[in-house]
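I have placed the structure first, in the form of structure tokens, so that the comments after it can refer back to it.
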Amino acid sequence: MERYDPRKVEKKWQRIWEEEKAFKASEDRPRDAKQYVLEMFPYPSGNIHMGHVRNYTIGDAIARYLRMKGKNVLHPMGWDAFGLPAENAAIKHKIHPAEWTEKNIENMRRQLKRLGLSYDWDREIATCDPEYYKWNQWIFLKMLERGIAYRKSAVVNWCPSCETVLANEQVIEGRCWRCDSEVVQREIPSWYLKITAYADRLLEDLKKLEGKWPERVIAQQRNWIGRSEGAEIVFKVEDTGDEIVVFTTRPDTLFGVTFLVLAPEHPLTEKLAEGTPQEEKVKEFLERIKKTPVEERRRVKEKEGVFTGRYAIHPLTGDLIPIWTANYVLAEYGTGAIMAVPAHDERDYEFARKYGLPIRVVVSPEGGD
Numbered sequence: 357m358e359r360y361d362p363r364k365v366e367k368k369w370q371r372i373w374e375e376e377k378a379f380k381a382s383e384d385r386p387r388d389a390k391q392y393v394l395e396m397f398p399y400p401s402g403n404i405h406m407g408h409v410r411n412y413t414i415g416d417a418i419a420r421y422l423r424m425k426g427k428n429v430l431h432p433m434g435w436d437a438f439g440l441p442a443e444n445a446a447i448k449h450k451i452h453p454a455e456w457t458e459k460n461i462e463n464m465r466r467q468l469k470r471l472g473l474s475y476d477w478d479r480e481i482a483t484c485d486p487e488y489y490k491w492n493q494w495i496f497l498k499m500l501e502r503g504i505a506y507r508k509s510a511v512v513n514w515c516p517s518c519e520t521v522l523a524n525e526q527v528i529e530g531r532c533w534r535c536d537s538e539v540v541q542r543e544i545p546s547w548y549l550k551i552t553a554y555a556d557r558l559l560e561d562l563k564k565l566e567g568k569w570p571e572r573v574i575a576q577q578r579n580w581i582g583r584s585e586g587a588e589i590v591f592k593v594e595d596t597g598d599e600i601v602v603f604t605t606r607p608d609t610l611f612g613v614t615f616l617v618l619a620p621e622h623p624l625t626e627k628l629a630e631g632t633p634q635e636e637k638v639k640e641f642l643e644r645i646k647k648t649p650v651e652e653r654r655r656v657k658e659k660e661g662v663f664t665g666r667y668a669i670h671p672l673t674g675d676l677i678p679i680w681t682a683n684y685v686l687a688e689y690g691t692g693a694i695m696a697v698p699a700h701d702e703r704d705y706e707f708a709r710k711y712g713l714p715i716r717v718v719v720s721p722e723g724g725d
């Protein structure tokens, strides 16, 4: 018996697959036969690694399984080729970013093909190709025209080494997932999409996945969409005349407000402390908090904060309410400011107990005191 030579066999069948376009998705098959498999496009860094192999092997197994069940599978490959990492690498190697990126794509394409993954290579795309990104520009302009895209300053995770913004998932224990540098918080102007403008449509479409996707994943998506119904309430700051707008889902507890809390990144936080005895304490607190990634603050157990030295005027009673800043309030949620009702909110209660702030019950069971 002839000895099995994997290199010889692999080359033969990979050539046949390519010549016969064995994995090409048909555009003529019935709609109910269509399946789409995408493992996410890699960044063309130069070489694939074991993380790529693991990810794309899992996706390939799913694509092949669906084909064997008679499905018309669209299984494409492409390259997430834009961004500062490409520019920084090009500067380091003293070549044009396009040349650097194209060479890496060529090498990684060869490596992926050698793995024998069942991609429809006729549909290969690169996000740096004008024929691709012109459609990104088109849809962005449509969103801009309709008021869905907007620009504002926000605090982001920043890697000083890669010189780029990082998603929360790319920050591992306070460090950059790519280069292991310490991540800092930086306020920069950014573009945002007003997801609240189409949250209802997204939530309705999520219902179509019930019974098909794990409930845990659907819940994550529902929480990410983050649709909330409530009211915005304005508190005026004593002496300065500034206004603090808070969003609350419980306007009925307004009489129970005993303090306000601003996110450390809120534009008024540092301003309000200026000229007060609390100014230095607030600055020290903000400097420390800025070094903590947002994802870490989401999981914070030990709530801590500092009084800003200013008071707000309660819109109904006229009482003076102390304004604090704390690590458990995030700028990305609501308006970045909350009205604290410690008698009826667990987080506010913990904070109030820790710092000796008043707790006022305003909602009780029927027949209660």
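So in our numbering, spot 48 of the sequence shown is number 404, and the numbers just go up one at a time. Cβ atoms here follow ideal geometry from the backbone N, Cα and C, with glycine treated the same way.
By the Cβ-count criterion, Pro-620 is buried, with 16 or more other Cβ atoms from all chains shown falling within 10 Å of its own Cβ. For the pair Val-590 and Pro-486, the CB atoms are not nearer than the 9 Å cut-off.
Residue range 693 to 696 is occupied by the beta strand (DSSP E) that includes Met-695. Note: Cys-532 is bridge-paired with Val-527 in the DSSP secondary-structure output. The C-beta distance from Val-573 to Ile-544 rounds to 31 Å, too long to meet the 8 Å contact threshold.
Taking the C-beta atoms as reference points, Ile-694 is found nearer than 9 Å to Leu-616. In terms of Cβ geometry, Leu-473 and Tyr-412 form a close pair [threshold 9 Å]. Beta-bridge analysis with DSSP links Glu-538 to Arg-531. Taking the C-beta atoms as reference points, Val-602 is found nearer than 9 Å to Glu-588.
With the rule of 3 Cβ pairs closer than 8 Å, the region 423 to 439 counts as touching the region 391 to 406.
Shown here for Leu-686: same chain residues with a beta carbon closer than 6 Å to its own, the five before and five after excluded, namely Ala-619 in chain order. Closest option to Arg-479, judged by alpha-carbon separation, among Lys-550, Ser-382, Lys-490: Ser-382.
Residue burial is scored here from C-beta neighbours: Leu-522 has at least 16 other C-beta atoms within 10 angstroms and is therefore classed as buried. Note: Ser-509 is bridge-paired with Pro-545 in the DSSP secondary-structure output. Asn-428 and Glu-462 have their C-alpha atoms roughly 28 Å apart. DSSP places Ile-589 within a strand segment (E or B) once states are collapsed to three.
Around the C-beta of Met-464, 16 or more other C-beta atoms lie within 10 Å, and the residue is accordingly described as buried.
With 16 or more neighbouring CB atoms inside 10 Å of its own CB, Val-539 falls in the buried class. In the three-state DSSP reduction, Pro-516 falls in the coil class, being neither helix nor strand. One thing to note: Asp-598 has its Cβ within 9 Å of the Cβ of Leu-628. In the DSSP assignment, Gln-391 is bridged to Val-429.
Counting every other CB atom within 10 Å of its CB across the protein chains shown gives Ile-600 a total of 16 or more, marking it as buried.
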